[in-house]
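Report on the following structure.
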Amino acid sequence: GFIDDIIDEHIKKKENQNSVDAGDVVDTDMVDDLLAFYSEEAKLVSETADLQNSIKLTRDNIKAIIMDVMFGGTETVASAIEWALTELLRSPEDLKRVQQELAEVVGLDRRVEESDIEKLTFLKCTLKETLRLHPPIPLLLHETAEDTEIDGYFVPKKSRVMINAFAIGRDKNSWVDPETFRPSRFLEPGVPDFKGSNFEFIPFGSGRRSCPGMQLGLYALELAVAHILHCFTWKLPDGMKPSELDMSDVFGLTAPKATRLYAVPSTRLICSV
């Protein structure tokens, strides 16, 4: 597959470098660094062994790390952007409110800057509501470190535990009208936040095992959606009604839309985009 091709290309490059003079500068990347620990059979590291010299990674280990970086850093953000735009096009009043906030906070004579994001309260509510309905990773995969008991059920050490973040975000016991896209719910006092301390809303996981890239992912999502909505006015093509939008998703590592979103942009700013 695609990742195998990447690894093979780097292995071949590494073999060709054997003929390069030691004084020559050779560009390396993350895959090259991982291949420095490559071994056909990974071995366990003893407690007294030198960690740097003893860690070995199999091809499957390297593929898994590359997939984590690629999908965790790109696919999840891209999917969240598409879902946010889809939900807003399906809810014209909320779209109007977000763009009105952008016009008031930023103005139509310039583009959004990083310093503007903290002032865009309703935009943040919109993205929280998007993440509640469409978490970046629908199933959070974990493994128990020791034997434990949960509600009378014995869970042995090294059990694979799957946490359904998708279902948690739509739980009627935690949310009013959970299937409805309503960003204003996050303006209400006491509403759960996604930083990991409220178990009703865990799109990025919780505790020490929560997503380490949460802040970077949120920054990319907020800035991208803010730019898209501030710079352009959007409408559905060919007279399509908001209710006709396909809201089905595809289950997998992420849960993107089953059909791509098509929308027609027109320039909104009075300055050059």
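Our numbering applies: residue 0 is where the sequence shown begins, and numbers increase by one.
Where is the CB? At the ideal position from N, CA and C, for every residue including glycine.
Beta strand (DSSP E) segment containing residue i, residue limits
i, result
"Trp-174", "Neither: Trp-174 is in no beta strand (DSSP E) and is coded neither H nor E."
"Thr-147", "147-149"
"Val-154", "152-154"
Reference residue i, options the options, closest by Cα
i, options, result
"Ile-5", "Ala-63, Ser-38, Ile-54", "Ala-63"
"Ser-265", "Ala-254, His-9, Lys-234, Met-239", "Lys-234"
"Glu-101", "Leu-34, Ser-205, Cys-230", "Looking at the sequence itself, residue 101 is Leu, so the reference to Glu does not match. Checked all of Leu-34, Ser-205, Cys-230; the closest Cα to Leu-101 is Cys-230."
"Glu-159", "Ala-254, Ile-269, Leu-138, Glu-221", "The sequence given here has Arg at residue 159, not Glu. The option with the nearest alpha carbon to Arg-159 is Leu-138."
"Arg-58", "Val-175, His-9, Gly-106", "His-9"
"Leu-215", "Asn-15, Thr-73, Thr-143", "Thr-73"
"Glu-243", "Arg-89, Met-66, Gly-212", "Arg-89"
"Lys-55", "Ile-65, Gly-212, Tyr-37", "Tyr-37"
"Arg-295", "Pro-202, Phe-250, Arg-184", "Lying outside 0 to 272, the shown extent of the chain, residue 295 is not represented and no answer is given."
"Ile-116", "Leu-260, Leu-220, Arg-169", "Leu-220"
"Thr-179", "Leu-186, Arg-169, Glu-187", "Arg-169"
"Lys-156", "Asp-146, Asn-163, Asp-150, Asn-15", "Asp-146"
"Phe-185", "Ser-205, Met-246, Thr-120, Arg-207", "Thr-120"
"Asp-182", "Met-66, Lys-95, Ile-65, Asp-28", "The displayed chain sequence assigns Pro, not Asp, to residue 182. Ranking Met-66, Lys-95, Ile-65, Asp-28 by Cα distance to Pro-182 puts Lys-95 first."
"Ala-225", "Gly-212, Gln-98, Leu-260, Val-154", "Gln-98"
"Met-239", "Ala-254, Leu-260, Lys-118, Leu-252", "Leu-260"
"Ile-136", "Gly-251, Tyr-152, Pro-236", "Gly-251"
"Pro-177", "Ser-209, His-133, Pro-188, Ser-205", "His-133"
"Thr-253", "Trp-82, Ser-173, Arg-267", "Trp-82"
"Gly-262", "Leu-34, Asp-7, Lys-12, Leu-84", "Before going on, a small fix: residue 262 reads as Ala here, not Gly. Of the candidates Leu-34, Asp-7, Lys-12, Leu-84, the one whose C-alpha sits nearest the C-alpha of Ala-262 is Leu-84."
"Ile-61", "Ile-2, Asp-26, Lys-171", "Ile-2"
Residue interval of the alpha helix (DSSP H) (run including residue i)
i, result
"Arg-96", "91-104"
"His-229", "213-230"
"Val-68", "58-69"
"Asp-192", "Counting along the chain, Asp-192 falls outside any alpha helix (DSSP H), and DSSP gives it neither H nor E."
"His-9", "1-15"
"Met-29", "29-34"
"Leu-130", "120-132"
"Phe-203", "Run containing Phe-203: none; DSSP gives neither H nor E here."
"Ile-167", "164-167"
Paired residues, beta bridge with residue i - DSSP
i, result
"Arg-159", "Glu-142"
"Lys-234", "Val-263"
"Asp-248", "Lys-256"
Any chain D beta carbon closer than 8 Å to residue i
i, result
"Leu-215", "Reference to chain D is not applicable here, since this structure consists of a single protein chain."
Review point. Counting pairs of beta carbons, one from the stretch 102-118 and one from the stretch 213-232, are three or more of them closer than 8 Å?
Key: yes
Exercise for review: Specify whether the stretch 184-200 and the stretch 74-83 touch according to this definition: at least 3 beta carbon pairs, one from each stretch, less than 8 Å apart.
Suggested key: no
Practice item. Decide yes or no for the touch test of the stretch 121-130 against the stretch 139-148: beta carbon pairs closer than 8 Å, at least 3 of them. Key: no
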